[in-house]
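Each remark here refers to the structure printed beneath this line.
Numbering (the numbering used here), first residue to last: 933 to 1285.
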C-alpha cells in the first residue's frame, strides 16, 4: 500500500515502513503520522505480523522530525485546532511504537532529530551507523525536546541530558551507543543488507541477525568532552549559572568547539524553551511511564505553540532563515517560576488518549 511520502509493505511475517520524503529529510506531516499510526495499530493486532522494520528511502536521513513549518502555517491560516491535532498525532505514533508488544527495529542512517528521535527511541532495536547525526534541536524554534525525551534523555547522565536538550548539541552513533540511545551500530553501507535480512528472518532470529552485522563503534566523541560538560552542566546549577560557566570557560578555551556551541546556544536559543526543558529534566525521576511522559509533552506543546516564540522561532530558522529570532522574554533571567508554572498547568487541557 502506498501513501504520500510513506510506504507500508508486508514481506513474509515482517511489516516494513519506509519514510519517503527525502527532500524534506523525511519530516513528518500530519498525514504521515495519521497513516503510520493506523498501520501500526493494525499490525499490532495482526497475528501474521511478527515484527516491524522502520527505514528511510535515502541514507541521508532517517527522519529530521515533525514538519513544524507546516504546523506554523496551519496556526496562521486556521488557528490552533489542526496544530494541536498534529502534535497529538505525533505523540500517539510514539505511544503506538512504545506499546506495540512486538519487535520494532529502527534503521537510523543519517539525520535522527526531534520527532525522528521519537520514532526511533521507543523501538525495541535502535540501529545507528557512522553517519548518524542525533539531536533534539527544538529550543532553537521556541519549542522543547518532546516525543518522550524526558524519558530517553532522562536516562543519560544529567549533564549530558542538559547539553543535548537545552542546546541541541549534535552527537554521533558511537555517542548514542555510549548513552544507551542506540542498541547497535552497523556500517552505513550494510544497512540495506541488514534490512533485507531482517525482513527475511523470524522474530526469534532478530538479535542473531543484527549481531552478524554489528560494527565496533569506536571511541565516542563525547568522551573527550565529558570533563567540560560536567563543569558546565553538572550539579544543581540553574540555566543562568550554566550560561555563566560556559562564558567563563570560553575565555580560557576560545577555540573549543563544544564550549563555543554552548555559549552560542544560550545566547541565541529561546530562553523559555531552555528553562522549560531544564525543569522537565528535574521531573524525570517522577516521569517513568511513557503515557505520562507523552501526555505531559502534549500539554506543554499546546501551551508552547500558543506563545509568540513558536511562530517567531520557526520564522527565523525555517521560513525567512535569518536566524535572528526576537524572543519574549529575551533572557534566561526574565523567565521566572510563575511563567514556567503556567506552562506546566494542565487545567482545562484534554487527555492525550
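Quick reminder that beta carbons are idealized off the backbone N, C-alpha and C, glycines included.
Pick helix, strand or coil for residue i, following the three-state DSSP scheme.
i: residue 1278; result: coil
i: residue 942; result: strand
i: residue 1110; result: helix
i: residue 948; result: strand
i: residue 1038; result: strand
i: residue 1145; result: coil
i: residue 1066; result: strand
i: residue 1231; result: helix
i: residue 959; result: coil
i: residue 985; result: strand
i: residue 965; result: helix
i: residue 1138; result: helix
i: residue 1215; result: coil
i: residue 1284; result: coil
i: residue 1269; result: helix
i: residue 933; result: In this prediction, residue 933 scores a pLDDT of 45, lower than 50, which makes its location untrustworthy; no coordinate-derived value is stated.
i: residue 993; result: strand
Please report the straight-line C-alpha distance between residue i and residue j, rounded to a whole angstrom.
i: residue 1076; j: residue 1210; result: 10 Å
i: residue 969; j: residue 962; result: 11 Å
i: residue 1063; j: residue 1279; result: 43 Å
i: residue 933; j: residue 1256; result: The predicted model places residue 933 with a pLDDT of 45, which falls under 50 and marks its position as unreliable; any figure quoted below should be read in that light. In a straight line, the C-alpha of residue 933 is about 43 Å away from that of residue 1256.
i: residue 1024; j: residue 1223; result: 9 Å
i: residue 1202; j: residue 1060; result: 30 Å
i: residue 996; j: residue 1073; result: 14 Å
i: residue 1276; j: residue 1231; result: 8 Å
i: residue 985; j: residue 1184; result: 47 Å
i: residue 1187; j: residue 1128; result: 45 Å
i: residue 1149; j: residue 1012; result: 44 Å
i: residue 1236; j: residue 1212; result: 14 Å
i: residue 1193; j: residue 1151; result: 21 Å
i: residue 1018; j: residue 1198; result: 29 Å
i: residue 1108; j: residue 1145; result: 18 Å
i: residue 1030; j: residue 976; result: 11 Å
i: residue 1126; j: residue 998; result: 26 Å
i: residue 1135; j: residue 942; result: 14 Å
i: residue 1191; j: residue 1098; result: 14 Å
i: residue 1101; j: residue 937; result: 28 Å
i: residue 1010; j: residue 1130; result: 43 Å
i: residue 1175; j: residue 1094; result: 12 Å
i: residue 1200; j: residue 1065; result: 22 Å
i: residue 947; j: residue 1118; result: 21 Å
i: residue 1042; j: residue 994; result: 6 Å
i: residue 1221; j: residue 1096; result: 21 Å
i: residue 1132; j: residue 1050; result: 26 Å
i: residue 1038; j: residue 987; result: 6 Å
Which whole-angstrom value describes the C-beta separation of residue i and residue j, a residue pair presumed to lie in contact below a C-beta threshold of 8 Å?
i: residue 1080; j: residue 1026; result: 6 Å
i: residue 1035; j: residue 1057; result: 6 Å
i: residue 1263; j: residue 1070; result: Actually they are not in contact, since the Cβ atoms of residue 1263 and residue 1070 sit about 19 Å apart, beyond 8 Å.
i: residue 957; j: residue 992; result: 7 Å
i: residue 950; j: residue 989; result: 5 Å
i: residue 1052; j: residue 1040; result: 5 Å
i: residue 1082; j: residue 1225; result: 5 Å
i: residue 1160; j: residue 1103; result: 14 Å between Cβ atoms; not a contact.
i: residue 1229; j: residue 1078; result: 4 Å
Is residue i buried or exposed, if buried means 16 or more other CB atoms sit within 10 Å of its CB?
i: residue 1156; result: exposed
i: residue 1137; result: exposed
i: residue 1207; result: buried
i: residue 1170; result: exposed
i: residue 944; result: exposed
i: residue 1285; result: exposed
i: residue 1112; result: exposed
i: residue 1033; result: exposed
i: residue 1168; result: exposed
i: residue 1253; result: exposed
i: residue 974; result: exposed
i: residue 1195; result: buried
i: residue 1121; result: exposed
i: residue 1251; result: exposed
i: residue 1266; result: exposed
i: residue 1006; result: buried
i: residue 1106; result: buried
i: residue 1241; result: buried
i: residue 1233; result: buried
i: residue 1091; result: buried
i: residue 972; result: buried
i: residue 978; result: exposed
i: residue 1008; result: exposed
i: residue 1270; result: exposed
i: residue 967; result: buried
Do residue i and the ligand GTP come close, with the Cβ less than 6 Å from some heavy atom?
i: residue 1205; result: Because no ligand of any kind appears in the structure shown, any question about the ligand GTP cannot be addressed here.
Inset, instruction - May I ask you to verify whether the stretch 1040–1048 touches the stretch 1179–1195, counting CB pairs closer than 8 Å and requiring at least 3? - result: No, the stretch 1040–1048 is not in contact with the stretch 1179–1195.
Inset, instruction - Report yes or no: do the stretch 1213–1228 and the stretch 1078–1094 share at least 3 C-beta pairs separated by less than 8 Å? - result: As far as the Cβ criterion goes, the stretch 1213–1228 touches the stretch 1078–1094, which means the pair count is three or higher.
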